[in-house]
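Student: Residue numbering for the sequence shown follows the numbering used here, beginning at 462 and increasing consecutively.
Backbone N, C-alpha and C define an ideal beta-carbon position, used for all residues, glycine too.
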Amino acid sequence: MGKQYFTITYGCQMNESDTERINGQLAELGYTEAPAMEDADIIILNTCSIRQNAEEKVYGKIGEIKRVKEKNPDLLVGIMGCMAQENKGKLISRMPIIDFVLGPYHIHDLKEVVEEELAARQHVVRTQMNPERVKDYSELRAERKSRTFAWVPIMQGCNKFCTYCIVPYVRGRQTSRTVEDIVREAEGLAEEGYKEITLLGQNVNSYGLDFRDGTDFADLIRALDRVDGIERIRYMTSHPRDMTFDMVDAMADSPKVARHMHLPVQHGDNEMLRRMNRGYTIEHFMELLAYVRKRMPDIAVTTDLITGFPGETEEMHQATLRLLREAQFDSAYTFIYSPRQGTPAARMEDQIPDDVKKRRLQELMDVENEISLAKNQAMEGRVFSILVEGPTKQDAGHWYGRTSTNKMIIFPKTDGLAIGDMREALVEQAQTWVLKGKLV
Ligand code: SAH
Ligand code: SF4
Ligand code: F3S
């Protein structure tokens, strides 16, 4: 039988996308995907360091893999992604069952490393940051999971250095792909039948600024809008400091740009935003949000929030609760602040005790859940266009699709329905995170 791989992904969409390219490299070596970890000849964990609990999940998984390797000593084990970059060779000295560690800049090297490993069985660690390699994403074959929507990385790294965040340390400085390169990938995807693309970057609004020739995200949007066959364009993540009104106009002018924006605000208090080095005030954020909604009245806006950042007082926490009520986000992902070694915030005084962080998290979730539910209830009785993504995990008789606003609608499967169809769905019953309805 041919060799099989098993890849597990942690973290953000950028990692999901990288995994598709990791799998693409393995496919080029003749590997196919294993149905389970136990059947694999190579296991790769594509890891995330954003919070302590993301790292703990990986350590737990390595424990499980150890038992698999005891039964199959020929198994190759690789750690890739952000923890690989952060911990480098230390991972192998702590856990010798790991055969190789490759940072995010070394997906290009995977084929060579696997072949070397098979020949010589020596531990390999490659974590040098080399932005030039990443520019040529298009060279790397991707084994895409979905046949309807595709991730398209438009840049790597981040220059923002928010004081809590590890990403600039593990993903390096921002490097953008050229507009031509991205358009070429989108055209290829359209030819293959993809209808939706999601542009990925830690901060898509600073796309192209590293070229220093005036190119920006608005130019990219306008260029992609002209690609025939692509019906929906999504993008992740926006940054309130770098998003310009012109970018909002470019989105509003394109019927293809999805009416969903993930715009992380992080906190409702200006002093907290300053200490986080976010580079904007709540007043600026609200002004931007108002303009986004004015130009795209049907848009859904989602956000991220951090609770328990060092020095957060009860009053500051109340400011975030107030912001939630004012801003009326469609949903908010709320995170407990997790100190990351090497970042400025980890060294700040006034770290907040765990029990306070947990209580504040719960209060944020309680307020937001009510708002999210009300927003979804307002969709009841209305019909929306959805891109059909396939059966739900729980029940093959029920399929789901997403609206332009990124809301998931679950409905009973009808005859002749295919993944990738654009259909109209009536929303019958709203819940906090999903909507139930039927095709019309
Ligand atoms: N580049 C994106 C998001 C990257 S990480 C942006 O700037 O918005 C996704 C989210 O994780 C962040 O928006 C933030 O809310 C959260 N996050 C990042 N570092 C964190 C930390 N140390 N502790 C808790 N949450 C964190
Ligand atoms: Fe991290 Fe800030 Fe960059 Fe987002 S913008 S990846 S939160 S440093
Ligand atoms: Fe995690 Fe790295 Fe993404 S730290 S959130 S996988 S960029």
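(1) For the ligand F3S, which residues count as neighbours when the test is a C-beta closer than 6 Å to any heavy atom?
(2) Consult DSSP for MET722 and reduce its assignment to one of helix, strand or coil.
(3) Assuming ARG608 and ILE880 make a contact with CB atoms under 8 Å, what is their CB distance in whole Å?
(4) Name the two residues that bound the continuous alpha helix (DSSP H) containing ASN507.
(5) Would you list, in sequence order, the uninterrupted beta strand (DSSP E) runs of no fewer than 3 residues that lie entirely inside the stretch 532 to 568?
(6) So, with DSSP's three-state summary, where would you put VAL753?
(7) Please report the residue range of the alpha helix (DSSP H) in which ASP765 lies.
(8) Within the same chain, show all residues whose beta-carbon is closer than 7 Å to that of ASP689, passing over the 5 residues directly before and after it, in chain order.
(9) Return yes when the Cβ of ILE627 is within less than 8 Å of the Cβ of LEU571, no when it is not.
(10) Using the beta-carbon count (16 or more within 10 Å), is PRO725 buried or exposed?
(11) Determine the direct distance from the alpha carbon of TYR861 to that of PRO852, and round the result to whole angstroms.
(12) Relative to the C-alpha of VAL562, which candidate in PRO592, THR508, ARG512 has its C-alpha closest?
(13) If SER599 and ASP560 are in contact, beta carbons under 8 Å, what's the gap, nearest whole angstrom?
(14) Closest to ARG693 by C-alpha separation, out of ASP671, SER667, LEU660, ARG673, would be which residue?
(15) Determine which residues share a DSSP beta bridge with ALA603 and list them.
(16) In angstroms with no decimal places, state the Cα-to-Cα distance between ILE526 and ALA713.
(17) Counting only the same chain and skipping the five closest in sequence on each side, list residues whose C-beta sits under 8 Å from that of GLN583.
(18) Give every residue of the same chain whose Cβ lies closer than 7 Å to the Cβ of ASP707, excluding the five residues on either side of it in the sequence, and list them in chain order.
(19) Ordered along the chain, which non-local residues of its own chain (more than five positions away) have a Cβ less than 8 Å from that of ILE691?
(20) Please report the distance separating the alpha-carbon of GLY729 from that of LEU784.
(21) So is THR768 buried or exposed if we call it buried at 16+ other beta carbons inside 10 Å?
(22) Within the continuous alpha helix (DSSP H) that includes ALA713, where are the two ends?
(23) Rounded to the nearest angstrom, what separates GLU829 and ARG821 at their Cα positions?
(24) How should ALA581 be labelled, buried or exposed, when 16 other C-beta atoms within 10 angstroms of its C-beta is the threshold for buried?
(25) In whole angstroms, what is the alpha-carbon distance linking MET544 and SER510?
(26) Comparing the C-beta of GLY472 with each C-beta of chain B, is any distance below 8 Å?
(27) Do ARG702 and the ligand SAH come close, with the Cβ less than 7 Å from some heavy atom?
(28) Pull the bridge partners of SER667 from the DSSP assignment, please.
(29) My understanding is that ARG587 touches GLY564, with C-beta atoms under 8 Å, so please give their C-beta distance in whole angstroms.
(30) GLU489 by DSSP, collapsed to three states: which one?
(31) Mind checking PRO496: buried by the 16 CB within 10 Å criterion, or exposed?
(32) Where does SER699 fall in DSSP's three states?
(33) If you count every other CB in all the chains shown that lies within 10 Å of the CB of GLY491, and 16 or more means buried, which is it?
(34) Could you tell me whether the stretch 497 to 504 touches the stretch 529 to 539, where touching means 3 or more Cβ pairs closer than 8 Å?
Tutor: Taking the coordinates as given:
(1) GLY472, CYS473, MET475, ASN476, CYS509, SER510, ILE511, GLY542, CYS543, ILE627, VAL628, VAL631, ARG632
(2) strand
(3) 6 Å
(4) First-last for ASN507: 503 to 508, but that is the beta strand (DSSP E), not the alpha helix (DSSP H).
(5) 537 to 542, 561 to 563
(6) helix
(7) Per DSSP, ASP765 belongs to no alpha helix (DSSP H); it is in the beta strand (DSSP E), 761 to 768.
(8) Closer than 7 Å at the Cβ level, and outside the excluded window around ASP689, lie ALA651.
(9) no
(10) Under this definition PRO725 is a buried residue.
(11) 6 Å
(12) THR508
(13) 29 Å between Cβ atoms; not a contact.
(14) LEU660
(15) In the DSSP assignment, ALA603 forms no beta bridge with any residue.
(16) Whole-angstrom Cα-Cα distance: 48 Å.
(17) GLU577
(18) ALA679
(19) Hits under 8 Å: ALA647, LEU650, ALA651, TYR655, LYS656, GLU657, ILE658, LEU685, LYS717.
(20) 6 Å
(21) THR768 counts as buried, since no fewer than 16 other beta carbons sit within 10 angstroms of its beta carbon.
(22) Per DSSP, ALA713 belongs to the alpha helix (DSSP H) from 706 to 714.
(23) Cα to Cα, the separation comes out at about 12 Å.
(24) Residue burial annotation: ALA581 is exposed, with fewer than 16 other C-beta atoms found within 10 angstroms of its C-beta.
(25) 5 Å
(26) Absent from the structure is chain B; it holds one protein chain and no more.
(27) no
(28) Paired residue(s): none; SER667 is not in a bridge.
(29) 7 Å
(30) Three-state result, GLU489: helix.
(31) exposed
(32) coil
(33) Residue environment for GLY491: exposed (fewer than 16 other C-beta atoms within 10 angstroms of its C-beta).
(34) yes
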